[in-house]
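Enquirer:
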Amino acid sequence: MNEWMRRLVDLQDLDLRVVKLKEQLAGVPAKSKEAEQQYAAETAALETARKAYLDAEMANRRFDGEIAALQQKKKDFQSKSALIRNNDEYRAAMLQIEMCDHAIAECEEKQLEAMMVLDELQRKVREREEELAAGKKRADTILADLATRQRNCEEAITELQTKRPSMVEGIPELPLSLYERLRTRWENSPAMPYVVSINGRSCGRCFIELPNQIVSNARKSNPHADEVEDKDIVTCPSCTAILYVD
Ligand SMILES: [Zn+2]
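My numbering puts the sequence shown at residues 1 to 246.
1) Given the structure, does R185 come close to ligand 1, in the sense that its CB is under 7 Å from one of the ligand's heavy atoms?
2) If you count every other CB in all the chains shown that lies within 10 Å of the CB of A49, and 16 or more means buried, which is it?
3) Can you list, in chain order, the residues of its chain with a C-beta nearer than 8 Å to that of N60? Leave out the 5 residues immediately preceding and following it.
4) Answer with buried or exposed for Q12, where buried requires no fewer than 16 other C-beta atoms within 10 angstroms of its C-beta.
5) Find out if the Cβ-Cβ distance for the pair I208, S216 is shorter than 8 Å.
6) What residues sit near ligand 1, counting only those whose C-beta is closer than 6 Å to one of its heavy atoms, in chain order?
7) Which residue spans inside the segment 125-187 form an unbroken beta strand (DSSP E) run of at least 3?
8) Does R62 pass the burial test, meaning 16 or more other C-beta atoms within 10 Å, or should it be called exposed?
9) For a quick check, are the C-beta atoms of L132 and L46 less than 8 Å apart?
10) Pull the bridge partners of V245 from the DSSP assignment, please.
11) Opposite V196 in the DSSP bridges: which residues?
12) Look up C203 in the DSSP assignment and say whether it is helix, strand or coil.
13) Ends of the alpha helix (DSSP H) at T48?
14) Classify L205: buried if its beta carbon has 16 or more other beta carbons within 10 angstroms, exposed otherwise.
15) Considering only DSSP beta bridges, list what E209 is partnered with.
16) Using a threshold of 8 Å, state whether the C-beta atoms of R149 and Q24 are closer than that.
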């Protein structure tokens, strides 16, 4: 490989590194969003669990009111029954008291069940709180890592871009302008080199077998940077990559 071709390959290495760094950089916002969304989902899960607990607690408190009202009703019947002289009325009052006792017992049983549900809901709230605390830690770590990655990528890109002009020097105008045209195609496709060696008789980029004339032209490429002409730049007829022989 002659000197100007070597410089072109070095320039390409630098440009490929920039493309890869930009790809990494482009993935940062989506990954940050993913971490934030997961944390938001965990926050929402805790809120849902808390609401379920508060609703159940309120429902549970209603039992206290119901039991108190039934006890008052029973007391009223008891007071009344003390004044009753008639047997039938007395039996009716006793029946009412008995019904009150029955209703109170039923209510207390329901309250007991509700309290067990409440305990379970409280346990779920604690679980969600722990998950959220761990989720916060995880999201913070991911976001900090992504911020570091972003900073590192940006710094590396700036460094490479600062270095680039000095690497362009010494590359003849013709191959450089062709290379720059090819390079713009990287923008929308995976970073694949456009300056490649011939492997055996195949193009190092698209692997098609090259005609003999092309291989022989690539071998004869002019080594003098100031005298490079169109015929010295050998390209692949299939993928247009610039070819050289190692
Ligand atoms: Zn090719």
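Idealized CB from N, CA, C, for every residue including glycine. All of these numbers come straight from a predicted model, not from anything done at the bench.
Expert: Quick look at the numbers:
1) No, the Cβ of R185 stays beyond 7 Å of every heavy atom of ligand 1.
2) buried
3) Q111, A114, M115, L118
4) Buried, because 16 or more other Cβ atoms sit within 10 Å of the Cβ of Q12.
5) no
6) C203, R205, C206, I208, C236, S238, C239, A241
7) Counting whole runs of 3 or more residues, the segment 125-187 contains no beta strand (DSSP E) stretch at all.
8) exposed
9) yes
10) In the DSSP output, where bridge partners are listed per residue, V245 has none listed.
11) L243, per the DSSP bridge assignment.
12) strand
13) First-last of the alpha helix (DSSP H) with T48: 28-83.
14) Leu is not the amino acid found at residue 205; the sequence shown has Arg there. Result: buried.
15) S202
16) Contact flag set, yes.
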